[in-house]
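K.L.:
Residue numbers (the working numbering): 196 to 462.
Sending over a structure as structure tokens; questions will come in a sec.
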């Protein structure tokens, strides 16, 4: 729907009756999309909004659902007029008081992908001793708890075979074996990569050590790898739905530009 509605409309019977059937109400205003929070259902609408966010700024009308906070935080800032001062860029890498900036990057990526995340997390092993995990992420999938183990090696030297074997041994000590295990580092030796793949690790090579001046660049590399991983394992019908959603988003954007042009609205 074009334009931002008033509050009585959002709480009207029309909106409530359609949302009870699984519809989410979206309102287009120039280059942003506003979501009516009282019609949002996380399981049904999150993937669609994640795709739309790539093309539009995203805002929420009403209380922001907790699951939508990462998307709203990462939304592209709306274009501003020349007479206004430039808006401050959105900080996509949050700081979690981690020991290393690479851990902050990985936590930020997993949060953006909808996971609940813990950094420098201590888990009691099967032997009763503590195992510290750089990043531990979880998401409820139906009645299953989907878990990710991530080891961050923000080193000046490449990760070698011995490190991979040590990480694999640590995972075997855990009382709950994670569904996905990830090693993130600037560089790996070829033998370490082969060992990691053989042990079922996802290898993410950032190409440079994470530091304050390149956090967003490293974030994009980690996000791209993990996002492709999760999109690659979803059912074909869901991938087709995502592609349709991208097409619709592009069409909505074109329609918005045409409406603005017809109304004589300059960006």
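Heads up, the beta-carbon is just placed ideally off N, CA and C, and yes, glycines get one too.
Between residue 300 and residue 398, how many whole angstroms is the CB-CB distance? I'm expecting something under 8 Å.
P.N.:
That belief does not hold up - the Cβ atoms of residue 300 and residue 398 are roughly 16 Å apart, past 8 Å.
K.L.:
Taking only the alpha-carbon atoms, compute the straight-line gap between residue 248 and residue 316 and give it to the nearest angstrom.
P.N.:
31 Å
K.L.:
Give me, in chain order, the residues of the same chain whose beta-carbon lies closer than 6 Å to that of residue 219; leave out the 5 immediate sequence neighbours on both sides.
P.N.:
234, 235 and 240
K.L.:
Work out the CA separation of residue 238 and residue 337 for me, nearest whole Å.
P.N.:
10 Å
K.L.:
Using a 10 Å radius around the Cβ and a threshold of 16 neighbouring Cβ atoms, would you call residue 265 buried or exposed?
P.N.:
buried
K.L.:
When the Cα of residue 339 is compared with those of 352, 371 and 263, which residue comes out closest?
P.N.:
371
K.L.:
Quick one: what does DSSP say residue 193 is sitting in, helix, strand or coil?
P.N.:
For residue 193 there is no data in the structure shown, the boundaries of the chain being 196 and 462.
K.L.:
What's the gap between the Cα of residue 384 and the Cα of residue 259?
P.N.:
44 Å
K.L.:
Across which residues does DSSP place residue 363 in a beta bridge pair?
P.N.:
Beta-bridge partners assigned by DSSP to residue 363: none are found.
K.L.:
For residue 296 versus residue 406, is the C-beta spacing smaller than 8 Å?
P.N.:
yes
K.L.:
In three-state terms, what does DSSP make of residue 311?
P.N.:
strand
K.L.:
Quick check: what's the CA-CA separation for residue 375 versus residue 333?
P.N.:
10 Å
K.L.:
Would you kindly work out how many angstroms separate the C-alpha atoms of residue 423 and residue 242, rounded to a whole number?
P.N.:
Cα to Cα, the separation comes out at about 13 Å.
K.L.:
Mark residue 401 as exposed unless 16 or more other C-beta atoms lie within 10 angstroms of its C-beta, in which case mark it buried.
P.N.:
buried
K.L.:
Please report the distance separating the alpha-carbon of residue 328 from that of residue 346.
P.N.:
7 Å
K.L.:
What residue range does the alpha helix (DSSP H) around residue 244 cover?
P.N.:
It spans 237-247 - the alpha helix (DSSP H) in which residue 244 sits, taken as one unbroken run.
K.L.:
Going by DSSP, which residues form a beta bridge with residue 378?
P.N.:
Answer is 346 and 398.
K.L.:
Secondary structure at residue 277, three-state DSSP: helix, strand or coil?
P.N.:
Note that residue 277 has pLDDT 39, beneath the 50 cutoff, so the model's placement of it is unreliable and no number is given.
K.L.:
Quick one: Cα of residue 314 to Cα of residue 365, how far?
P.N.:
16 Å
K.L.:
Using C-beta distances below 6 Å, list every residue in its chain close to residue 331, excluding the 5 sequence neighbours before and after it, in chain order.
P.N.:
313 and 316
K.L.:
Kindly give me the distance between the Cβ atoms of residue 246 and residue 444, rounded to whole angstroms, as I take these residues to be in contact under 8 Å.
P.N.:
6 Å
K.L.:
Among the residues of its own chain, which have a CB less than 8 Å from the CB of residue 395, if the five just before and after it don't count?
P.N.:
376
K.L.:
For the beta strand (DSSP E) holding residue 325, just list the boundary residues, first then last.
P.N.:
For residue 325, the uninterrupted beta strand (DSSP E) run begins and ends at 325-336, by DSSP.
K.L.:
Just list the residues that DSSP pairs residue 340 with in beta bridges.
P.N.:
In the DSSP output, where bridge partners are listed per residue, residue 340 has 335.
K.L.:
Based on the DSSP output, what are the partners of residue 301 in its beta bridges?
P.N.:
DSSP, once it has assigned bridges, lists no residue as partnering residue 301.
K.L.:
Are residue 381 and residue 412 close, meaning C-beta to C-beta below 8 Å?
P.N.:
No. Outside cutoff.
K.L.:
Could you compute how far the alpha carbon of residue 368 sits from the alpha carbon of residue 324?
P.N.:
One alpha carbon belongs to residue 368, the other to residue 324, and they sit about 9 Å apart.
K.L.:
Taking residue 359 as the reference, give the member of 408, 304, 252 and 392 with the closest Cα.
P.N.:
Nearest of 408, 304, 252 and 392 to residue 359, Cα basis: 392.
K.L.:
Which one or two residues does DSSP pair with residue 229 in a beta bridge?
P.N.:
222 and 254
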